[in-house]
Structure formats: structure tokens, C-alpha cells
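Protein chains in written order, with the UniProt record's numbering: chain H, 1 to 443; chain B, 1 to 443.
C-beta atoms are modelled at their ideal positions from N, C-alpha and C, and glycine is treated no differently.
Working notes, beginning with the structure itself.
2 protein chains.
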Amino acid sequence: MGNKARIPDSENPRVVIVGGGFAGIELAKSLNGVNVQVVLIDKTNHHTFQPLLYQVSTAGLEAESIVYPFRKIFDEQPNFFFRLAQVISVDTQTQVVETSIGFLRYDYLVIATGATTNFYGNKEIEKNSIPIKNIIDALSLRNTILSNFEKALQIEDDEQLNSLIDFVIVGGGPTGVELAGALSELRKHVFPNDYKELDFLKMDIHIIQSGPRILNGMSEEASLKALQFLENLNVKVWLNRRVESYDGYTVVLDSGEKLITRTLIWAAGVSGAPIEGLDKKCILKGSRIQVDEYSKVVGYTNIFAIGDIAAMVTPDNPQGHPMMAQPAIQQGRLLGENLTCILTGKPLKPFHYKDQGSMATIGRHRAVADLKINKKEYKMQGWFAWFIWMFVHLISIIGFRNRLFVFLNWIWSYISYDKGIRLIIGNPKSNKPVEEEVPKALN
Amino acid sequence: MGNKARIPDSENPRVVIVGGGFAGIELAKSLNGVNVQVVLIDKTNHHTFQPLLYQVSTAGLEAESIVYPFRKIFDEQPNFFFRLAQVISVDTQTQVVETSIGFLRYDYLVIATGATTNFYGNKEIEKNSIPIKNIIDALSLRNTILSNFEKALQIEDDEQLNSLIDFVIVGGGPTGVELAGALSELRKHVFPNDYKELDFLKMDIHIIQSGPRILNGMSEEASLKALQFLENLNVKVWLNRRVESYDGYTVVLDSGEKLITRTLIWAAGVSGAPIEGLDKKCILKGSRIQVDEYSKVVGYTNIFAIGDIAAMVTPDNPQGHPMMAQPAIQQGRLLGENLTCILTGKPLKPFHYKDQGSMATIGRHRAVADLKINKKEYKMQGWFAWFIWMFVHLISIIGFRNRLFVFLNWIWSYISYDKGIRLIIGNPKSNKPVEEEVPKALN
Numbered sequence: 001m002g003n004k005a006r007i008p009d010s011e012n013p014r015v016v017i018v019g020g021g022f023a024g025i026e027l028a029k030s031l032n033g034v035n036v037q038v039v040l041i042d043k044t045n046h047h048t049f050q051p052l053l054y055q056v057s058t059a060g061l062e063a064e065s066i067v068y069p070f071r072k073i074f075d076e077q078p079n080f081f082f083r084l085a086q087v088i089s090v091d092t093q094t095q096v097v098e099t100s101i102g103f104l105r106y107d108y109l110v111i112a113t114g115a116t117t118n119f120y121g122n123k124e125i126e127k128n129s130i131p132i133k134n135i136i137d138a139l140s141l142r143n144t145i146l147s148n149f150e151k152a153l154q155i156e157d158d159e160q161l162n163s164l165i166d167f168v169i170v171g172g173g174p175t176g177v178e179l180a181g182a183l184s185e186l187r188k189h190v191f192p193n194d195y196k197e198l199d200f201l202k203m204d205i206h207i208i209q210s211g212p213r214i215l216n217g218m219s220e221e222a223s224l225k226a227l228q229f230l231e232n233l234n235v236k237v238w239l240n241r242r243v244e245s246y247d248g249y250t251v252v253l254d255s256g257e258k259l260i261t262r263t264l265i266w267a268a269g270v271s272g273a274p275i276e277g278l279d280k281k282c283i284l285k286g287s288r289i290q291v292d293e294y295s296k297v298v299g300y301t302n303i304f305a306i307g308d309i310a311a312m313v314t315p316d317n318p319q320g321h322p323m324m325a326q327p328a329i330q331q332g333r334l335l336g337e338n339l340t341c342i343l344t345g346k347p348l349k350p351f352h353y354k355d356q357g358s359m360a361t362i363g364r365h366r367a368v369a370d371l372k373i374n375k376k377e378y379k380m381q382g383w384f385a386w387f388i389w390m391f392v393h394l395i396s397i398i399g400f401r402n403r404l405f406v407f408l409n410w411i412w413s414y415i416s417y418d419k420g421i422r423l424i425i426g427n428p429k430s431n432k433p434v435e436e437e438v439p440k441a442l443n
Numbered sequence: 001m002g003n004k005a006r007i008p009d010s011e012n013p014r015v016v017i018v019g020g021g022f023a024g025i026e027l028a029k030s031l032n033g034v035n036v037q038v039v040l041i042d043k044t045n046h047h048t049f050q051p052l053l054y055q056v057s058t059a060g061l062e063a064e065s066i067v068y069p070f071r072k073i074f075d076e077q078p079n080f081f082f083r084l085a086q087v088i089s090v091d092t093q094t095q096v097v098e099t100s101i102g103f104l105r106y107d108y109l110v111i112a113t114g115a116t117t118n119f120y121g122n123k124e125i126e127k128n129s130i131p132i133k134n135i136i137d138a139l140s141l142r143n144t145i146l147s148n149f150e151k152a153l154q155i156e157d158d159e160q161l162n163s164l165i166d167f168v169i170v171g172g173g174p175t176g177v178e179l180a181g182a183l184s185e186l187r188k189h190v191f192p193n194d195y196k197e198l199d200f201l202k203m204d205i206h207i208i209q210s211g212p213r214i215l216n217g218m219s220e221e222a223s224l225k226a227l228q229f230l231e232n233l234n235v236k237v238w239l240n241r242r243v244e245s246y247d248g249y250t251v252v253l254d255s256g257e258k259l260i261t262r263t264l265i266w267a268a269g270v271s272g273a274p275i276e277g278l279d280k281k282c283i284l285k286g287s288r289i290q291v292d293e294y295s296k297v298v299g300y301t302n303i304f305a306i307g308d309i310a311a312m313v314t315p316d317n318p319q320g321h322p323m324m325a326q327p328a329i330q331q332g333r334l335l336g337e338n339l340t341c342i343l344t345g346k347p348l349k350p351f352h353y354k355d356q357g358s359m360a361t362i363g364r365h366r367a368v369a370d371l372k373i374n375k376k377e378y379k380m381q382g383w384f385a386w387f388i389w390m391f392v393h394l395i396s397i398i399g400f401r402n403r404l405f406v407f408l409n410w411i412w413s414y415i416s417y418d419k420g421i422r423l424i425i426g427n428p429k430s431n432k433p434v435e436e437e438v439p440k441a442l443n
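Next up, the structure:
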């Protein structure tokens, strides 16, 4: 056995939480004041507010407003320890996690590793498309979008030009829909001013959706209205289509149609990101970990899973809960209480998901929201839904400073019709000089 | 000859400006409304407010607040065109610039490429140290500083620990001094809260200065007071020392002393970044281009150089002007007027540098300022100088949005004693997991 990760000694049992997404931080918070040592492991040093990643990609928000350092969140929680590390595997016999900074003993292990982009095994698409799952993805996409327009100024050929200024989004869930809305705002209000030499009637935005409707986690009304909003914004929605192949230039759909773009944004699916060393039997379809109603991983007594990674399969809920922030937050909070019950010998409370509904925004003044308040459903679309969307997202952001900066950015964009952060910083997925990348035929 | 860069045809003479620093954008602005076609070429899509780079490195400001897209600055200037490209060389006979996006004809060429970090030919130092000249450097340094502390938590050996948490800054100019001040604030107010397991009495900050005093472009009083401020903040200033070698771990000074650090920040010198193809005769010491008092490059009639790259050597001024924002801005503005004079056949005005003084801040409430107002000199140190420093920097930042965000960040930091942007995003110069990087002896 190699070196040990250094964590201060403690008389209290150690809870190791792997992953600082919504579930992980909610659990860590709810263990404040409890007689345990909390060790949070993450491969970044910050929590990411994933619902707003698309606004970072489209120059509306700076990355720094939607990510927040873990150490700052838990500043005043004495039983909390953070380690920047990657988990390699777990040995459930000896109760040790192997990480990039050494071995770490646990009394209770909580897997909150979330989800990763699912390319359904298509390596070609994985190589050529851009996911939008973390902050680096989001910044890469921003760099790519902006670089495309800079390059487009040098192009004469119509097809080549369109390959740079057309965007294809795969996936008609909230991320795909919100991203399409934001891109169409850039097309309408921002880019024509920046790139006066280009004809923005030529810029196309496509959404490819495998099923018969977009936002299929929401009500029929919401789906239809969102589709109408997108069509009003001149976004082309392709329903009942799947991407067969993408070589970095031509998107081939299963219906035989072809689209030309250098920017395929993959917002189509996620799968769990489980840890090596767990019994294969507890890993379900989509790589999620099967847990019971106490978030306990099936077959173990001191290993738990919460958030996107956990599939809490019950007769009511054969697929587990939706892979979204709300179930993650609620599971994290309840597991905190249940761990306290375990330590004090009290009976555990089973998890009941309190669905508060969901929502998506599609550009300025337009959103759809299905809200559930006290078991009553409220469906709304348009202006008022848009206000609710903004309010709910603002209060969910961690930290007063970030909340203020997001709010100011929104006010600013609203008044000026502008997105100020049109910056190419660092290495986009394709920030090579034009001549290296544009096919030779062009020159 | 290869492909041509595509710029719309114009009847007016074309002014190609290479580089969008202070000099380049000031010139482009002053050509607004003049009958020329202005083409600005830069390898990034944004202007960088270099004086505040050190605050990005030390988690005080987000990158997005101090960089500003060129296209946004020149939004409403019809004769302005921007191209994201690198300049490869110039052919002064045919009046063509070769760039990464093709060849570009010019009538007037203005070289405003600024300065680059000068390692004085020491390849080992260049490889192992971190410069702080552009926004990528600044973000790399932020990532490195924060990663160091994360790694330090895993280290037992005292020397190894110090190699991670000690910082050596080479160069006692404004950048070095301001950076040391900001690091000492992090040490005092921020890091002890984040890394409660570390003993911050062990963290050392060093400045190495080759001459007998720091801030040697300023008055004796300012130098002495700045030294005193730094000593009060427990920054160790080594005067009359040069770095002989640095292997990434041990800094060897010419006096024989050794310092251990994994982070050597190189703020020691700059040299010009001239363009290939100019007559070697006009390139002076430090790779600056010799120009006359009209910013015309010696030996040419339609090539100019302004800002850091230009050495306007006169009997009064045998070294050229200081490589700072003020001369760059003033030269850019005057050249705009003089180009208009050339086009209309009016006599040109020679450049006279209006020195407004200089200043540097050293942490909270402390700054030194030598101001020149109407040829009178005002020297001040302390609180009032600190207010003036903030005021002058705030009004110099481009764009209301950036100014507001910098101001809010400063207010926030002032009230909370906090620096909120403690984020590791992307690839720092050394963001490898500890075990890959810490010498084997440790494990």
C-alpha cells in the first residue's frame, strides 16, 4: 500500500463524500455540528452551478459568477475537510478509497459523483462534438463560437461559411433549448454589430431531438409553447431524429438528412460516473448505482449514493428520480439527517421526492414553467414564467457575491441587449489558426 | 504568394495597426471619422488592462473584468475592422504584411506589438518560472498558487512544504511590488481561513531586485516608503541581487544565497516584440524599434511604431520613453492626429511626453504615488495615495461594465477582507496531481 492521504486525526467517525455537486455539498452542510469528520473529495476546487453553464458559453456570464470555492462555502464548519483529488477506486473490504493524493480510510462512504456526458458509445461523435457539462466545456464552447465568427470573415465559399456560423445542438432538454435561445439572441442583437461584414440571415441554429417533443420531462403545454418560442426565434427543431454520425463537418441524421456544421453541441444524454471497486451487481443501466430508499447502495451497509449517480428504484419509480438538482439536494439533506440517526441509533427516514416542478427559458421574456406547490400544479408560459425562472435561479446560486454579479449581468444585458463577455481566452476546442483547420480546398 | 486576408475594399488609404494594447487602441480611436480604413490585427480578441493582471493572479478580480473585446470598443466606428491573427512578417517593398490569415496590403503600417517578458537569454529560467504579462499568464499563476496550497496539505517534510507555500518574485518594479502586497494580504486574511491545517508563519514572500532600490522609476521617497510597507507586511526584499539559476526548485542568487520555491514569478524585465522583415538597423537594444519624434520608424516613410515597442531616442531621452501605459496612450493619440496631417498635407507635430507620474499600491490602505500636475510634483504615500491609485485605475479601465465590476469587487474585498475568486479553472503551469510532481524522495 502506497502513501496515505493526510487528514487530521479525529475521534469521530469519518464520512467521505466523493463529489461536490448539489447532492454532495447539501450533505456536507447538513452534517455541520454532527459528531463526524466530513471529508469532501472533488477533482475541482469549486462547486459549479450547472444550470447556468449555457450562459457562460454564450458570453452572458463570466465563469467566476457560477462557480464557488468549496473552502469558502464551508469556511465556518469545523468538522469539514476538503481535498482536491481524483478517486481511483474503493476497497469495500478494508474501507479505503484510493485517490490521486493517496489512500483514505472511511467509516461511511457517500458517492455523489454525478453524471457525465453520454455519447452512447459513439467515439467519433465524442471526439468531434462539444459537451456542456462542466465549466471547462462551457468556456471551450464560448471560445469556439467566437473563433468561428472570426474565421468566417475570411471565407468566401457558402458551404464553408455556413459550416462555421451554423450550430447544431443535439438534445431538446432544458440545456439544449436554453442554449438555442441564447444563441438566437446573440444572432439577433449582438453578432450583427460585431461582424458587420457577415450576413446573419445565413446563420442557422438547429436542435435535434430523438423523441416527438422537446422538454419531454415537462408538460405537453410547456413542450408545445417552447417549440413555438423556438420557431418564433427561427431555431429549426428536428423532432424524432437521431444523429448517426458526425465527422466534425457533416452531421448525418438517422432519417438520412444531412446538416453541415463545425460545431455540434452535445446536450443529448448523461450517464452516471460510478467508482471502480463496487460490486457490478449494483450498477444499473446508464451506469447509475442502485440504492434503497435510504440512499444506501444495495449490498452494502456503509456506502451511500446520492444525486444523479443514484438510481433509487422503487415500484413507484422504476427508473429512479430525474437526474436534476432538486432530487440531489433533497437526497443530500435527508442523508445528512439519516447519518445522524445511524450514529444515535434512531430509526431512519425513507426518501420521498418532493417534486417542485421544472422550467426552461428561451431567450428574452420567454420561459415555460410547470410548478408544483402544495401538490397543486401551475403551468405558465411567457413573461411571468421568465420572471419566476430568473428568481428561482438567482436564489439558488451559492454566495451573495455570485448572486449579485449574476443579477447585475442580467440587468445589464436586459437594458443593453448586449452580452459583454465575448472573450476568447485560452484554448477553445478549435482555436487553431484558420489555415490549419479549414480544408485545403478553400485556399 | 498565398491567399489574401479578406478585408472589404475601400477607396481610402489603409492603416494597418498591429497590436491592440494601449497605444494601438488609442490610435484606432483617434482615427474615427478620418478618411482611412483602419485594420487592427491582434492575436487575442480583446484589449487587456495589464496594470491589474496581478489582481487576477491573486483571486481579487475575474479575468473578464479587465479584458474587453475589441469589437465592442469599436462598435460604432464605421472605418474600423478587426482581424484575429498573428503577424508573421512584413515586406516593406511591396507594402504587404504576412499574417496567419493571409497577406494584407497596407498604405501605412503601425507597429504597436508592445513588449514581451525578457528572460535575458536564460532558457532554464524561462522554462521554470511564471511570467505575468498577459491574461493567460495571470490565470495560470492563480491556478498555480491555489494548487500549491492544496498540495501542501499532503506534505510532511518542512523543506518540501516551504517549496510549495513560499513565493519568490523577481523584479521590484510596480508589478512585483503590487503582487507581493496582494500575496501578503492572502496570507494574512484569506488563506489561514481556507487552509486551517497549515501554519502560515511558514509562508514566505520574497522580492529579488537587481538594483539598490525597488520602484526605481519613482522617487527616492516612494522607494523607501514602499520598502517600509513591504517590510511591515513581512515581505523579504533582497536588494542588489540577481537570479543566477532556477531549476524549478532552488533559486540561486548571484550572491550565493539560495531560496527554495516551486513558484518563481518573473516580473523582472521586458523587451520589445518587433516584426520580422524590418531593417535590422532600426532595432535597438532590448529589441525596441527606433523611431523619430513623429513615431516614424527610422529609414521608412510609411511605417510607424508606438508604445512599448517604440524607442523614441532623442538627446533629452537617450533610452526612449518608459515602457508604460502613459507614453503609449499619448503616442497613439498623437499619431492619429499626425496621420490626418499627412493625408491633408499639414505639418506634423513632434511628440512631447507629458509625464503624469507613477504609482504603486502595496496591499490595503497603502500606496505610493509621485504625481505631476501642471509641471508641479506631488509625492504622497499611504491612505491618500491608495485612494488616488484606485481612482486612477478605475477611470482608466475600458467600458462601464468592467469599471462597475472592478469597483464592486474592490468594495466587496474591502469590507469582507476576502478575495472571492479562489478558483482553479483550466490548466495551471503545474496542475498535475501531487504524486506526479513532488520528488520521489517524498513518498
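- Those residues of the segment 10 to 29 of chain B placed with their C-beta closer than 8 Å to a C-beta in chain H do not exist.
- When secondary structure is reduced to three states using DSSP, LEU40(B) falls in the strand class.
- Think of a sphere of 7 Å around the beta carbon of GLU197(H): the chain B residues whose beta carbon falls inside it are PRO8, in chain order.
- Using a CB distance cut-off of 8 Å, ALA267(H) does not count as an interface residue toward chain B.
- For LYS151(B), there is no enclosing beta strand (DSSP E); the enclosing alpha helix (DSSP H) covers residues 135 to 152.
- Setting aside the 5 residues that flank it on each side, ALA152(H) is surrounded in the same chain by LEU161, LEU164, ILE165 and LEU198, each with a C-beta closer than 7 Å to its C-beta; the list follows chain order.
- PRO131(H) carries a strand assignment under DSSP once its states are collapsed to helix, strand and coil.
- Segment contact: the segment 53 to 64 of chain B against the segment 329 to 342 of chain B, fewer than three CB-CB distances shorter than 8 Å; contact not assigned.
- By alpha-carbon distance to GLY19(H), the top candidate from PRO350(H), ALA305(H), VAL406(H) and ILE130(H) is ALA305(H).
- Contact between the segment 130 to 144 of chain B and the segment 234 to 241 of chain B is absent: fewer than 3 CB-CB pairs across the two stretches fall below 8 Å.
- Within chain B, the residues GLN154 have their CB atoms less than 8 Å from the CB of ALA5(H), given in chain order.
- The closest CA to that of ALA360(H), considering only TRP389(H), ILE7(H) and ALA59(H), is found on TRP389(H).
- When the five nearest sequence neighbours on each side are left out, the beta carbons in the same chain lying within less than 6 Å of the beta carbon of PHE49(H) are those of ILE66 and ILE397, in order along the chain.
- Pairing VAL39(B) with LEU104(B) gives a Cβ-Cβ distance under 8 Å.
- In the structure shown, LEU253(B) falls within a strand segment according to DSSP collapsed to helix, strand and coil.
- Under DSSP, the beta-bridge partners assigned to LYS236(H) are HIS206(H).
- Assignment of beta-bridge partners to THR48(B) by DSSP yields VAL67(B).
- Among the residues facing chain H, THR344(B) is not included, as its CB has no counterpart in that chain under 8 Å away.
- Looking only at ASP247(B), VAL87(B), ALA267(B) and ILE88(B), the smallest Cα-Cα distance to PHE119(B) is reached by ALA267(B).
- By the beta-carbon neighbour count (other beta carbons within 10 angstroms, threshold 16), PRO318(B) is exposed.
- Interface flag for TRP386(H) against chain B is unset, since no Cβ pair is found closer than 8 Å.
- A contact is defined here as three or more CB-CB pairs under 8 Å, and the segment 203 to 219 of chain H meets this definition with respect to the segment 166 to 185 of chain H.
- Look at ASP158(H): its C-beta is not under 8 Å from any C-beta on chain B.
- For TRP383(B), the number of other beta carbons within 10 angstroms of its own is below 16, and it is reported as exposed.
- Across the segment 29 to 58 of chain H, CB contacts with chain B closer than 9 Å involve THR44, ASN45 and HIS46, in sequence order along the chain.
- Secondary structure at GLU11(B): coil, using DSSP grouped into helix, strand and coil.
- Identification of chain H residues near ARG71(B) by a Cβ-Cβ cut-off of 9 Å yields ASN193, ASP194, TYR195 and ARG422, ordered along the chain.
- A residue is called buried when at least 16 other Cβ atoms come within 10 angstroms of its Cβ; PRO69(B) meets this threshold and is buried.
- Residues of the segment 100 to 123 of chain H with a Cβ closer than 8 Å to any Cβ of chain B, in chain order: SER100, ILE101 and GLY102.
- Think of a sphere of 7 Å around the beta carbon of ARG401(H): the chain B residues whose beta carbon falls inside it are TRP412 and GLY420, in chain order.
- VAL67(H) reaches chain B at LEU423 and ILE425, counting residues in chain order whose Cβ is nearer than 8 Å.
- For ILE17(H), the CB contacts under 8 Å within the same chain, skipping 5 residues up- and downstream, are GLY24, LEU27, ALA28, VAL38, VAL39, LEU40, ILE41, VAL110 and ALA112 in chain order.
- One thing to note: GLY307(B) has its Cβ no nearer than 8 Å to the Cβ of ALA273(B).
- In this structure, the alpha-carbon of TYR417(B) lies about 23 Å from that of SER140(B).
- Looking at the DSSP output, ASN317(H) shares a beta bridge with THR314(H).
- Approximately 19 Å separates the beta-carbon atoms of ALA325(H) and ILE289(H); this is outside 8 Å, ruling out the contact.
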